[in-house]
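S.K.: Just passing along the structure, written as structure tokens.
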Amino acid sequence: MERLKTLAILSGVAGIVVMGFGAPVLAKVKQGQSGPAPTQTSGEQGADNSAQNLSRAVLGDAVRLCQLLVEDNRAIIDALQSEGWTHDIDYDVGNAPFYKELSAELYYENVGAAEIWGFMESYPGYDMGYCSFKISEPDFRFSIDSLNEMDGFVGEIQTSGEEVFGAWRQDSDTPMSFVHAYHNSDTFTYQITRINKTN
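Given below as structure tokens:
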């Protein structure tokens with residue numbers, strides 16, 4: 019995987035996203051178990067529920083970790099370290115101190131290899147953050163429709179065959195946040211851009 023890019027962590031800014039995913043989950047998640055359904059064997063039903071549970075857990079991680087990153091919240095470092103992510107931070111990237119980067123990697127059991135990459139840019143009166151969470155060739159299809167549970171966001175989902183694409187925006191003036199999520203033929207990606215007025 020290409021060299022890790024990095025983001026400095028400046029002073030934190032207030033959080034904006036409250037997800038319906040429940041408590042944060044550890045980065046390495048376990049498959050769930052389920053009883054039989056009338057139209058499926060117990061193994062088929064268990065596999066379906068397991069994929070759904072893993073999808074929601076990993077989506078929860080993507081939203082939570084990327085939110086910390088785009089807020090420039092120092093808690094992102096503790097979260098990555100405690101959950102086993104291999105991460106890299108560089109305070110001297112190009113236009114420092116106005117541009118910082120961070121990247122991290124983790125293998126999710128029964129899901130695939132994940133990579134986080136993001137940056138924070140500072141301008142007079144504004145901060146802008148971006149974060150992407152990507153899993154190439156995941157072991158199952160992600161149910162990105164659960165992202166409709168994001169508080170304060172409006173959006174839509176479109177499908178094209180087995181490919182699914184979603185776009186949301188935060189329904190407020192500041193900070194402004196924009197989310198894309200998609201699962202195309204071979205990759206799942208969640209990404210968020212956040213623009214915050216600082217004065």
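Quick note on the working numbering: the sequence shown kicks off at 19 and runs consecutively. The beta carbon of each residue, even a glycine, is placed where N, CA and C say it ideally should be. Bear in mind the structure is a predicted one, so any value in this text is a computation, not a measurement.
(1) Terminal residues of the continuous alpha helix (DSSP H) containing Ile94?
(2) With H, G and I counted as helix, E and B as strand and the rest as coil, what does DSSP make of Val35?
(3) At which residues does the beta strand (DSSP E) containing Leu165 begin and terminate?
(4) Run the CB neighbour count on Asn202, radius 10 Å, all protein chains shown included, and call it buried at 16 or more, exposed below.
(5) Could you spell out where the beta strand (DSSP E) holding Thr216 opens and where it closes?
(6) Ends of the beta strand (DSSP E) at Val197?
(7) DSSP three-state label for Asp189, please.
(8) Beta carbon of Val81, beta carbon of Gly136: below 8 Å?
(9) Would you kindly work out how many angstroms separate the C-alpha atoms of Arg74 and Met146, rounded to a whole number?
(10) Where does Gly143 sit, in a helix, a strand or coil, going by DSSP?
(11) In this structure, how does DSSP classify Asp90 when only helix, strand and coil are distinguished?
M.R.: According to the structure shown:
(1) As a first step, residue 94 is located in the sequence shown; it is residue number 76 there, counting from the start. Membership of Ile94 in the alpha helix (DSSP H) is indicated by the continuous run Ala93 to Ser100.
(2) Walking along the sequence shown from the start, residue 35 turns up at place 17. With a pLDDT of 35 at Val35, under the threshold of 50, the modelled position of this residue cannot be trusted; read the value that follows with caution. Val35 sits in coil when the DSSP states are folded into three classes, being neither helix nor strand.
(3) Translated into the one-based positions of the sequence shown, residue 165 becomes position 147. First-last for Leu165: undefined, no H or E at that position.
(4) Residue numbering aside, residue 202 sits at position 184 when the sequence shown is read from its first letter. Exposure of Asn202 is indicated by the presence of fewer than 16 other C-beta atoms within 10 angstroms of its C-beta.
(5) Residue numbering aside, residue 216 sits at position 198 when the sequence shown is read from its first letter. Under the DSSP assignment, Thr216 falls outside any beta strand (DSSP E); it carries neither an H nor an E label.
(6) Position 179 of the sequence shown, counted from the start, is the residue given in the question as residue 197. Run containing Val197: Met194 to His201, per the beta strand (DSSP E) assignment.
(7) For the purposes of this step, residue 189 is taken as the residue at position 171 of the sequence shown. Correct three-state label for Asp189: coil.
(8) Reading the sequence shown from its first residue, position 63 is the one you call residue 81. Reading the sequence shown from its first residue, position 118 is the one you call residue 136. No. Outside cutoff.
(9) Start at 1 with the first residue of the sequence shown, and residue 74 comes out as number 56. Start at 1 with the first residue of the sequence shown, and residue 146 comes out as number 128. Looking at the backbone, the Cα of Arg74 and that of Met146 are separated by about 27 Å.
(10) Within the sequence shown, the letter at position 125 stands for residue 143. Coil.
(11) As a first step, residue 90 must be located in the sequence shown, where it is residue number 72. Here Asp90 sits in coil by DSSP.
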